[in-house]
Structure formats: C-alpha cells, structure tokens
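See below for the structure under consideration.
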Amino acid sequence: MNLALSDDDRAFQDAVRAFIAAHLPADIAQRQLSGGRLDPSDIRRWQAILNDHGYGAIHWPVPFGGQDASPLRQYLFELECALAGAPPQLSFGVRMLAPVLMRFGTGEQQRSFLPSILTGETWWCQGYSEPGAGSDLASLRTSAVLDGDHYVVNGQKCWNTLGQHADWIFCLVRTDATSKPQRGITMLLINMKTPGITVRPTVLLDGTSEVNDIYFDNVQVPVSQRVGAENEGWTIAKFLLVHERTNIAGVPWSKRDFARLLRIAQVATRHGRPLLDDPDFSRRLARLEIDLNVIEYTNLRMLSAASGDLTTPSILKIRGSEIRQAISALTLEALGTSALRLHSVSGEAPMPEDDLTRGVAASYLNLRKLSIYGGSNEIQKNIVSQLTIGL
Amino acid sequence: MDFQFTEEQRLLVETLNRCLTDEATFDQRKQTLRSADGWSHALWSTLCGLGVPATLIDEVSGGLGGSAIELALVCQAAGQALLLEPVSSVLVAHAAFSRYAPPALRADIGDTLIAGEKLLVPVIDDRHGSLLATPAADGLQISGQAAVVYHAPLADYWLVAVSTRTGAPADTLVIVPRTAAGVSLKTYQTVDGQRAADLHFDGVAVPSSAIWVTGDRAAVEWVIDCGILALAADTLGSVERTLNLTIDYLKNRQQFGGPIGRFQALQHRVVVALSKVEELRTWLWVTAARFHGALADRRLDVRALHVLACETARHVGEEAVQLHGGMGVTEEMEVSHHFRRLVAAGIRYGSRDEHLAAYAQHRFARSGTPV
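If you read the sequences in order, they're chains A and X. Residue numbers for the first sequence follow my numbering, so the first one is 17 and each next one is one higher. Residue numbers for the second sequence follow my numbering, so the first one is 51 and each next one is one higher.
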C-alpha cells in the first residue's frame, strides 16, 4: 500500500497544472470560482482549448484522439480543472455518447460524430426520462416506428439537461411495445433541427432553466442514425451508465466548493469574530472536511482496484451527493441572510463578481438535483440492498 | 497510488483468520468470559505460535518489523473474532517498544515479549491524566491514578505515560512491572467483557534504566495514535462481522410469510450502515498507509479516524441490535457481544467530540491560513 502518486502520474499532474495556468481564460475561471452562472459559450470555448492541447477527452483511446488515461489520471485531471475554475466538460458527448459509439456505433457514425465532440463544435444532450419514466426508465413510451429508411418518432422527453443549446440528442425510444419493457428499447441519434422537435425549458427553483421538455411530433430519423441493433437500447444504456462512474462522487466539484466555503468562513463574521474561529462552526466544517476526504479516498480506492466491489459506485453516488449538498447548505448558513439575495433586479447594477454571496443560494437550490438524478439515492440503496441482502 | 496489501500481509491475515475461525469460536468465547482469568491462555499460546506478538517488534530486536498496516490487520482480525486476549494492547506497546525502548531493555526482555511469554501493555490515561513523575535518586518516582486500563491486570509490564509537570499532559514513557512496590490495582470486567483495572501509584520508584523517553510529548502522542489506530481497526473488524450477522439474520428471519429482509425500510438501514463501514475501511487504510510517512499530517488523519470509528461503532452497533429485534438484546446472540465491544470502542481514547474539536483546532485555528 503506497498512497503517493507514481513519478509518471505526478509528472502528468504537473503538466496539467502548467497547461491550465497557461491556457484557462481568466474570465471563465473568475465566473466559475465566484459562483457565476454556467455560460454555454464558456463550455464550448474551454472544450476547444482542451482539444487544441491534447486534453479534449483524455480517457478516450489514442486512435480516437484521446490519451487512454487511467481512471486515476482522469480524476487528477478533473480535480485540477475544478480547483482552477475550469467549467465542467459537457459529459453527454465526451463521457456518455462517445464510449457508446466506440463500442456499438458504425464506422460511419464514429467518423461523423466523434471529432466534433472532441472540438466542442457539437453540443449533445440526452433524451432518457419521460413524464411516466423517471427512476423507472424502462417504462418509457416515446415511440419510433420504422417507415422505409427512417423511423418516425412521437412522444415527450423531460429533464433533458441543457438541450436548449444542443445540436444533437441521443434518445431512448420504444420500438417494440409488445415484449418485456427492457427489450423493446432502441437508441437513436437525432439532429435537434429536425422538423417536429419542440424544446420547452422548465423553470427551476433558482429561476434558471437547466432542463427542458422536448416534444417529438412525427420526427423523421434516418435508420443510419440508430446506434446498435433495434431493441438493443437497454444494453447500450446500461453500458453507458457503467462508463459514467469515474467521477460519480463529484469529488472535484465538492473540493472546489469546500475551498470557497473556507474562504467565506474566513471573511464572514459571527459575534465580531471570523466564522472560522467559532468553535461550533469550525467543528461542523471539520466534520464535513473529514467526509470529503474519506469519499475522495473511497473513490480513489475504487479507481485503483482492478475489480471493484459492485456496491461501491452506488455508495459513492449516495455519499458524494450528500456531501456536496451538505457543503452548499453550510455555505448558505455561513452567509446567513446575505445569502438570500438571489439576483439583481433589472435596472440595478449586477452583483459584483467579488461578492462572496454570489450564486450561493442558487447553487444550494440547484444541487438538490444531485440526490435525485442519475438513479435517485433511494434507487441506489435498492441496488446495494439487492447486491447484499438480495431479497 | 497503490491500495493493495502485499503478499505477506495477505498471508498474515489468512493465517490468522483461519486460526481464529477454528480456535476462537463464539462458544469458546462464552466459556472464556465465565472463566476466572477472563481470557484464554491456550488461545494466547496459539496466537504466539503464529508469531502475533512478534509482529510489531522491530527486526533488530528479533521481531517481524511490522508497520501500522500490520498493526491494523491483526487488530481487525481480533475485532472480528471478539478476542478477549490482549492482542491490540500488546501490539501497541510493542510498537512503542520498537521505537522508544532503550537498548539494554531490548536485550533484557525483547525475546520474552516476542515469544509472548511476558505481556507488556500501555497505561495511557490521557483523559484523566493524573500520573505525575518527580525526580528521585536514580530516576523517577511516580504517584497518581490511571482509570480503566484495558488488560492491565494480566500484564507483566506496563508501559506508563506520565507527566513531569502538574496539570501538563503526559510527556514521559517508563516501564513498570505490575508487581512493583507502591502499585495497587482494582480489577474488573468491562462492558465488553475485557479485563481492566484502575491503577494507583504511590511513590513507585522507576530506575533510570526503565525510562524510555522523557520530556517528549510527541512520543506519547505517537503511542496514543497507535492505540487509536489499533482500536479503529478492531472496530472495523467488529462492524464488518456485525453487518454480516445482520444481513444473514434479515435473510433468514421469517415474519408475515417471508424473510424480513424483503422490507425496504430495513434494507435501506442496512445500506446506510454498510456505507459507514466502507468509509471507515477507507480511512483506516489511508491512515495506516500514511502513518509513518510525510504524505500527510498524522495527527489530522488519526483524529479523523477516531471520529469516524466512534460514530460508526455506535451507529452500526445500535442498528444491528434494532434489526435483530428482540433477539438483538439477548446474551445468546453474537451480535449483542459485538454491540458491547462497539459501545466501548465509541468511548475509549477520548470522545468523538473531543477529537473533532482537536481536528478543527489543529486544522483551522491558525487564523487565516487554511490550506
């Protein structure tokens, strides 16, 4: 057992740091670190810069333009990016669809779609959930009927993240309504400009629209845009979820948020003293930091193991989300009522970027999603229970 | 970054667990609990035959030179098997022996410690801390008390931590024979079935040859940290076993026409407990792996470990009893013995709150410059 980074991994980390220091645009970092709102153009710009320097998708195989980076290096990369204030990479293309296309896609699909994921030119979104299919995804009903050389798609997707900016969507649709729910599902790639698609943003707690309803009304999708075989979509969806585990605990983002909480605790005061010197507060902070360090190393243990315990990803999902939510809640408390200023009313000066309260309430509200999406924490508990008690 | 155990470490655990499964059964433990001595000399001999006492003695003194990882591995096995024998106390004292004992003493008693013929256990009562050493003709003179010292009655020697200034924390380590003049002890069985004692020292003479370190608070802290690590490892072993017992019970106990493990309310409680066990496992091995090096601040690692171990001990123990229903509170069930071991673990070596406060103080109080 040796928890030091190897010389090679240390060198990789140093190179990533140097690259970020030289190339992360200051305005993007400022927005990210000061709780500013996610700007789609920041994500596209950063992806292009990453790609220009060989970091576009480090976990991809070399022939596709990646570095074949180990899970540990992926973690180190995401950690350095998060701490420096880089925006998150859009996972829908880079992390979710790309591995699926590499495994199940045709050569033509790989050639058409992978390069523009790497450059950030194509913005992908995901069409999974439906009003009647949330945690119970297999009950989805959006239908695709084969008609010559294309499918005709009808139905409604919801909880579609950032689809209002998207160029393409990968969608699970029902191609066989008669067999067992999991059997009749197919994955289609659909251009968002196809006639018959309507995107309707959903206004959320924090006043933003991070998610959308998407309506499909006789949308024609060429058969060549089907991934894998017809009715093989459930297998593909499960494969995709397995490939989305490296950062399932969200540790890099929690560490970034915790660093901000520490800065706030040094500046904010209680009874005329810095909050950090308040014994009660500093103990809560300490307890949270312990949780954060433990989940980081639980994650690293999983990443370094050749074959992990199947319950670990679910535990990381549950605890990682709880911890990140707890950090945002403690940040809210640290600021007290001054955190309640959500955003400026039009006509007044916008909240300055160095205002420590900026985005704190919005972030707390926004992060409620963590324990709900990606298989709610209760579903994760069912999974762990199935693997251990098995009843 | 490597989280794997070495081949030798895996072998150590396998050998030990095989032996304990055969020779430290729950039925035997119940007999030992009722015996006059309260621990099994036969089982101790078997453990000595496996080289357990040699594990933490340095190689120069003839031992196996184990690290914090070996300490934790052995204590984890001891916790799983609910051992009443003084494994963790002896290994902690041996770790201190390897690091701080003077050469003459190593030559004198090293072999008997390695063989397990003589028992050395720590007497570190850092909470009540009223053992005071004053200069004497040849060495020191010790007076004061130490409360609830595990395995003190069955040891031949005590590794005693004492203060050299009234009201100051212990900063000196000395070795005292249990039979030394001026020593008296009140012996009892603890909640978790172990033998312990309150010790009273009345002008006990300690020759200079018996002084290991003096005026060195860091040395005492190092031994305390070894003790916390050993206790956390014992706790991990115990909660692992407790969780398995509970899962088996949920699969087998029939109510309302089927096993009670099919109820989601119970399932989710198991998952929360399992998650805490997984987190304790992570941090135990992180702390052990970094214990001797400069990778991290050992004091922070150990404080965090104790906080986690106390919380996990209490949580998993209480949940296991609850999930066993009425059976959980009976002497007959193994889980109730683990529960009592875990109750003790959640209290020994200072409370969770004290250690959390120490962590916060150490981490944040140097105002303005958190890392």
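Each residue gets a CB set at the ideal place from its N, CA and C atoms; glycine is no exception. For clarity, every value in this text was computed on a predicted model and none was experimentally measured.
Determine the chain X residues that contact residue i at a beta-carbon separation under 8 Å, and present them in chain order.
i: residue 313 (chain A); result: 332, 333 and 336
Our contact map puts residue i next to residue j with C-beta atoms below 8 Å; I'd like the distance itself, whole angstroms only.
i: residue 183 (chain X); j: residue 213 (chain X); result: 7 Å
i: residue 276 (chain X); j: residue 142 (chain X); result: 5 Å
i: residue 207 (chain X); j: residue 225 (chain X); result: 5 Å
i: residue 169 (chain A); j: residue 232 (chain A); result: 5 Å
i: residue 157 (chain A); j: residue 171 (chain A); result: 6 Å
i: residue 93 (chain A); j: residue 130 (chain A); result: Between residue 130 (chain A) and residue 93 (chain A) the Cβ distance is about 19 Å, and since that is not below 8 Å, they are no contact.
i: residue 366 (chain X); j: residue 293 (chain X); result: 6 Å
Flag this pair as yes or no: are the beta carbons of residue i and residue j separated by less than 8 Å?
i: residue 375 (chain A); j: residue 52 (chain A); result: yes
i: residue 314 (chain X); j: residue 248 (chain X); result: no
i: residue 399 (chain A); j: residue 351 (chain A); result: no
i: residue 318 (chain A); j: residue 304 (chain A); result: no
i: residue 215 (chain A); j: residue 164 (chain A); result: no
i: residue 202 (chain X); j: residue 241 (chain X); result: no
i: residue 134 (chain X); j: residue 243 (chain X); result: yes
i: residue 183 (chain A); j: residue 139 (chain A); result: yes
i: residue 175 (chain A); j: residue 145 (chain A); result: yes
i: residue 175 (chain X); j: residue 197 (chain X); result: yes
i: residue 359 (chain X); j: residue 395 (chain X); result: yes
i: residue 263 (chain X); j: residue 209 (chain X); result: no
i: residue 51 (chain X); j: residue 221 (chain A); result: no
i: residue 74 (chain X); j: residue 93 (chain X); result: yes
i: residue 316 (chain X); j: residue 337 (chain X); result: no
i: residue 235 (chain X); j: residue 89 (chain X); result: no
Going along chain X, which residues have a C-beta under 7 Å from residue i?
i: residue 405 (chain A); result: 297, 300, 301, 311, 317 and 320
i: residue 400 (chain A); result: 321 and 324
i: residue 340 (chain A); result: Near residue 340 (chain A) there are no residues of chain X at all, since even the closest Cβ is about 15 Å away, more than 7 Å.
i: residue 298 (chain A); result: 410 and 414
i: residue 317 (chain A); result: 53 and 332
For the beta strand (DSSP E) holding residue i, just list the boundary residues, first then last.
i: residue 190 (chain A); result: 184–190
i: residue 409 (chain X); result: First-last for residue 409 (chain X): 402–414, but that is the alpha helix (DSSP H), not the beta strand (DSSP E).
i: residue 47 (chain A); result: Here residue 47 (chain A) belongs to no beta strand (DSSP E); instead the alpha helix (DSSP H) covers 42–49.
i: residue 150 (chain X); result: Where residue 150 (chain X) is concerned, there is no enclosing beta strand (DSSP E), although the alpha helix (DSSP H) it sits in stretches over 137–150.
i: residue 218 (chain A); result: 213–218
i: residue 355 (chain A); result: Element bounds for residue 355 (chain A): n/a, residue is neither H nor E.
i: residue 193 (chain X); result: 189–200
i: residue 193 (chain A); result: Neither: residue 193 (chain A) is in no beta strand (DSSP E) and is coded neither H nor E.
i: residue 119 (chain X); result: Premise fails: residue 119 (chain X) lies in the alpha helix (DSSP H), 118–130, not in any beta strand (DSSP E).
What residue range is occupied by the uninterrupted alpha helix (DSSP H) comprising residue i?
i: residue 382 (chain A); result: 376–382
i: residue 59 (chain X); result: 57–73
i: residue 234 (chain A); result: Careful: residue 234 (chain A) lies outside any alpha helix (DSSP H), inside the beta strand (DSSP E) at 227–238.
i: residue 59 (chain A); result: 56–68
i: residue 162 (chain A); result: Premise fails: residue 162 (chain A) lies in the beta strand (DSSP E), 159–163, not in any alpha helix (DSSP H).
i: residue 251 (chain A); result: 249–258
i: residue 162 (chain X); result: 153–165
i: residue 173 (chain A); result: Where residue 173 (chain A) is concerned, there is no enclosing alpha helix (DSSP H), although the beta strand (DSSP E) it sits in stretches over 166–177.
i: residue 86 (chain A); result: No alpha helix (DSSP H) holds residue 86 (chain A); DSSP gives it neither H nor E.
i: residue 29 (chain A); result: 23–39
i: residue 404 (chain A); result: 393–404
So which residues on chain X does residue i lean against when the C-beta distance must stay under 9 Å?
i: residue 335 (chain A); result: 325, 328 and 329
i: residue 343 (chain A); result: Simply none; closest approach about 15 Å.
i: residue 331 (chain A); result: 321, 324, 325, 328 and 329
i: residue 263 (chain A); result: Chain X residues near residue 263 (chain A): none, gap ~16 Å exceeds 9 Å.
Check the Cβ of residue i against every Cβ in chain A and list those closer than 8 Å, keeping chain order.
i: residue 52 (chain X); result: 17, 18, 19 and 320
i: residue 55 (chain X); result: 17
Closer than 9 Å by beta-carbon distance: list the chain A residues that pair up with residue i, in chain order.
i: residue 63 (chain X); result: Correct list: empty, because the minimum Cβ distance to chain A is about 13 Å.
i: residue 407 (chain X); result: 295, 298, 299 and 302
i: residue 119 (chain X); result: 17
i: residue 357 (chain X); result: 302, 303 and 306
i: residue 363 (chain X); result: Under the 9 Å cutoff, chain A gives no residues; its nearest Cβ is about 16 Å from residue 363 (chain X).
Taking residue i as the query, report the chain A residues whose CB atoms sit under 7 Å from its CB, ordered along the chain.
i: residue 340 (chain X); result: 19
i: residue 345 (chain X); result: 19 and 20
i: residue 280 (chain X); result: Residues of chain A passing the Cβ test: none, with the nearest at roughly 17 Å.
For the ligand NAD, is there any heavy atom lying closer than 7 Å to the beta carbon of residue i?
i: residue 78 (chain A); result: The model on display carries no ligand, and the ligand NAD is accordingly not part of it.
- Contained alpha helix (DSSP H) runs [length at least 4] in the region 82–114 of chain X, N- to C-terminal order: 91–99
- Task: Only counting runs of 4 or more residues, tell me where the alpha helix (DSSP H) segments fall wholly within the region 276–347 of chain X, in order along the chain.
- Result: 314–340
- Item | Unbroken stretches of the beta strand (DSSP E), 3 residues or longer, contained in the region 103–143 of chain A | 140–143
- Item | Length at least 4, wholly inside the region 262–343 of chain A: the alpha helix (DSSP H) runs in chain order | If we require 4 residues or more, the alpha helix (DSSP H) runs fully inside the region 262–343 of chain A come out as 267–283 and 295–320.
- Message: Threshold first: 3 residues or longer. Then list the beta strand (DSSP E) segments lying entirely within the region 210–276 of chain X, N to C.
- Response: Taken in chain order, the complete beta strand (DSSP E) segments of 3 or more residues contained in the region 210–276 of chain X are 222–227, 233–239, 245–256 and 261–263.
- Query: Which of the residues in the region 120–146 of chain X, read from start to end, lie with their CB under 9 Å from any CB of chain B?
  - Reply: Looking for chain B here will not work: the only protein chains present are A and X.
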